[in-house]
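Working notes, structure below.
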Amino acid sequence: MTERKTIGALLAAARARLDRLEPAEAWAAVEGGAVLIDTRCAELRDDTGVIPGAIPIPLSVLYWRLDPSSGYDDPRLSDLSRQVILICAHGYSSSLAAATLRDLGFDRATDVIGGFEAWQTAGLPVESSAEPLPPFSSPTIPRGGTRGVKPAT
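Structure follows, in structure tokens:
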């Protein structure tokens, strides 16, 4: 049996692997060529605004968009040596996701301490989300075989 871990323990382990950035440090890194990925859902971006230049990728498909072997990767994000900075609403889920990106080969993946809330508090650029999001095709994830599935007739 696998030992149960708490979300707090998983979060602490993820953050121990990251060089997390304060919002102003993240903005400076973006201005220097790092890519910023906003993992917040569309509703939150619509309600609270967007960060200029950030690429919106929902957490539910983030790993497929960044893994070239998935078939659903975003070509803008194929450079494993480029710094990838994730931002979520409060800086929790982005830490877990950044640690997973490191496992996928993005050795410079990290996140923003305090998330979008801290970004706004720091007075960093935020724009209204007036533009509709581009159409998004969700990846179909294989379920692991066809056992128990009746062939179509």
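Residues in the sequence shown are numbered consecutively from 1, following the numbering used here.
C-beta: ideal position from N, C-alpha, C; glycine also.
Query - With 16 other Cβ atoms within 10 Å as the buried cut-off, status of threonine 2 - result: exposed
Query raised in the report: Looking only at its own chain, which residues have a Cβ that is under 8 angstroms from the Cβ of leucine 104, when we skip the five neighbours before and after it?
Result: Tyr63, Leu66 and Asp67
Query - Per DSSP, the bridge partner or partners of leucine 21 - result: Val112
Query raised in the report: leucine 86 lies in the beta strand (DSSP E); which residues open and close that run?
Result: 84 to 87
Requested in this report: Only counting runs of 3 or more residues, tell me where the beta strand (DSSP E) segments fall wholly within the segment 1 to 51, in order along the chain.
Outcome: 35 to 38
Query - Segment contact, 8 angstroms Cβ cut-off, at least three pairs: the segment 91 to 100 with the segment 41 to 48 - result: Output reads no: the segment 41 to 48 does not touch the segment 91 to 100.
Query raised in the report: When burial is assigned at 16 or more other CB atoms within 10 Å of the CB, is leucine 36 buried or exposed?
Result: buried
Requested in this report: Take every Cβ of the segment 15 to 30, pair it with every Cβ of the segment 109 to 122, and state whether three or more of those distances are shorter than 8 angstroms.
Outcome: Here the segment 15 to 30 lies against the segment 109 to 122, with 3 or more beta-carbon pairs under 8 angstroms apart.
Report task. Pick out whichever of Gly115, Ile85, Arg76 and Tyr72 has its Cα sitting closest to the Cα of tyrosine 92. Result -> Gly115
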